[in-house]
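Asker: Quick one: the structure is below, and I'll ask about it shortly.
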Amino acid sequence: MSGLKLRIGLPKGSLEEATMELFEKAGYIVARSNRAYRPAIDDDELEVRLVRPQEIARYVEQGFLDCGITGKDWILENNADVHVICELKYNKSTSLPVKWVLAVHENSPVHKPSDLQGKWIATEAVNLVKQYLNKIGVEAHVEFSWGATEVKVPELVDAIVDITETGSSLRANHLRIVDTILESFPQFICSHKVWADQDKRRKLSSMALLLQSALNARNKVGLKMNVQKENLSAILKILPSLRNPTVSPLADGQWVAVETILDESKVRDLAPKLKEMGAEGIIEYSLNKIIY
């Protein structure tokens, strides 16, 4: 057993399930109970802490955590001095970045950021908003919002800055986006002290490789089939792949096995065409990781 031990902070809350699924795809099993903030993981070199993502960057900077996964937005909000190992392009519901947007009620007279001069803005990301306003030269009152930020306009404040992934909640509350302040993906981070340690850096780099390879495999599948040599050229012309399909001879000499990786969404239209062109034994299989 290695003497190496890293305390890693994983996000508690809306990003939790997507993060656990990513770790499982990468080869790590995190065993949780409903109230466990210290779940077990099948890696003796890791200790997991479930922490609100708003706090992870600060705890990493201060040394309470060695590493963690948190949004770019919360690193900037906390002005945390940490080392970014890699960006992880996933979120709660999609593979799109979350956005911090400036929004007003659909009937508001505010149509551009400068219209907020002297107005009131509610947000959870106070520092981000103040930095944004300073950048565009607007003076406005910024107050911290404890939650349910969408319902505060127009009765309590003139505008909000809130986080959105799809915009559905904003539309449901009759809000109109005026500007996008920041787009954010999760970041795999560690302290500068930890990154300076050769053994810890090697461990974290390996973890980053596995996490990114799991993301590379998202929405992709493998496809295998048997093809007569006389049909091979035509089939290869319509067969997408990451680079080139793998073609292997079969025992009878007249057939070859063809294997490729492609977007899962393309199989629905492609498989019937392959069958019509003479491909047989077509097999689709799922992927956990793709390491480039």
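According to UniProt numbering, the sequence shown is numbered sequentially starting from 1. Glycine included, each C-beta is placed from N, C-alpha and C at the ideal position. Predicted, not measured: the structure shown is a model, and the values here were computed from it.
#1: Please classify VAL157 as buried or exposed, where buried requires at least 16 other C-beta atoms within 10 Å of its C-beta.
#2: According to DSSP, is THR149 part of a helix, a strand, or is it coil?
#3: Would you identify the three-state DSSP class for MET225, choosing helix, strand or coil?
#4: Quick check: the Cα distance between GLY278 and GLN212, rounded to an integer number of angstroms?
#5: Between GLY9 and LEU76, is the Cβ-Cβ spacing less than 9 Å?
#6: Between GLU143 and GLN117, how many whole angstroms is the CB-CB distance? I'm expecting something under 8 Å.
#7: Report the option in PRO186, ARG218, LYS275 whose CA atom is closest to the CA atom of GLN228.
#8: Within the chosen definition, does the region 18-31 reach the region 82-94 through at least 3 CB pairs nearer than 8 Å?
#9: Would you list, in sequence order, the uninterrupted beta strand (DSSP E) runs of no fewer than 3 residues that lie entirely inside the UniProt domain "ATP phosphoribosyltransferase catalytic" (52-207)?
#10: Could you give the first and the last residue of the continuous beta strand (DSSP E) run that contains ALA257?
#11: Identify which residue in VAL247, SER14, LEU232 has its Cα closest to the Cα of VAL258.
#12: Considering Cα atoms alone, identify which of GLN54, ALA31, GLU55 is closest to LEU46.
#13: For the beta strand (DSSP E) holding ARG268, just list the boundary residues, first then last.
#14: For LYS168, which option in ALA159, PRO154, GLU150 has the closest C-alpha, if you only look at C-alpha atoms?
#15: When DSSP labels each residue in this structure, what does LEU242 get in the three-state scheme?
#16: As a quick exercise: from LYS203, MET225, ILE163, pick the residue whose alpha carbon is nearest that of THR260.
#17: Taking a contact to mean a Cβ-Cβ separation below 9 Å, would you say GLU183 touches TRP74 in this structure?
#18: Cβ of PRO97 within 9 Å of Cβ of PHE188?
#19: Using a Cβ-Cβ cutoff of less than 7 Å, which residues in the same chain neighbour MET1 once the five nearest sequence positions on both sides are dropped?
#20: What span of residues does the beta strand (DSSP E) with SER10 cover, start to end?
#21: With DSSP as the reference, label LYS237 as helix, strand or coil.
#22: What is the DSSP secondary structure of LYS220, reduced to helix, strand or coil?
#23: Should ARG243 be labelled buried (16 or more other beta-carbon atoms within 10 Å of its own) or exposed?
#24: Taking Cβ to Cβ, would you say LEU287 is nearer than 9 Å to ALA217?
#25: Can you find at least 3 beta carbon pairs, one from the region 102-113 and one from the region 194-206, that sit closer than 8 Å?
Answerer: A quick look at the data gives this:
#1: buried
#2: helix
#3: strand
#4: 36 Å
#5: No. Outside cutoff.
#6: Going by Cβ atoms, the distance from GLU143 to GLN117 rounds to 16 Å, so no, they are not a contact pair.
#7: LYS275
#8: yes
#9: Runs of the beta strand (DSSP E) inside the UniProt domain "ATP phosphoribosyltransferase catalytic" (52-207): 67-71, 83-87, 98-105, 120-123, 141-144, 159-164, 175-184, 186-190.
#10: Its beta strand (DSSP E) spans residues 255-263.
#11: VAL247
#12: ALA31
#13: Note, ARG268: premise wrong, no beta strand (DSSP E); alpha helix (DSSP H) at 267-276.
#14: First, the residue type needs correcting, since residue 168 is Ser and not Lys in the sequence shown. For the residues ALA159, PRO154, GLU150, the minimum Cα distance to SER168 belongs to GLU150.
#15: coil
#16: MET225
#17: No, they are not a contact pair.
#18: no
#19: Interpretation of MET1 is limited by its pLDDT of 46, a score under 50 that renders its predicted location unreliable; the figure taken from the coordinates is listed afterwards. Here the set comprises ASP44.
#20: In the sequence as displayed, the identity of residue 10 is Leu instead of Ser. Start and end: 6-11.
#21: helix
#22: strand
#23: Around the beta carbon of ARG243, fewer than 16 other beta carbons lie within 10 angstroms, which makes this residue exposed.
#24: yes
#25: Taking a cut-off of 8 Å on C-beta distances, the region 102-113 does not touch the region 194-206, as fewer than three cross pairs fall below it.
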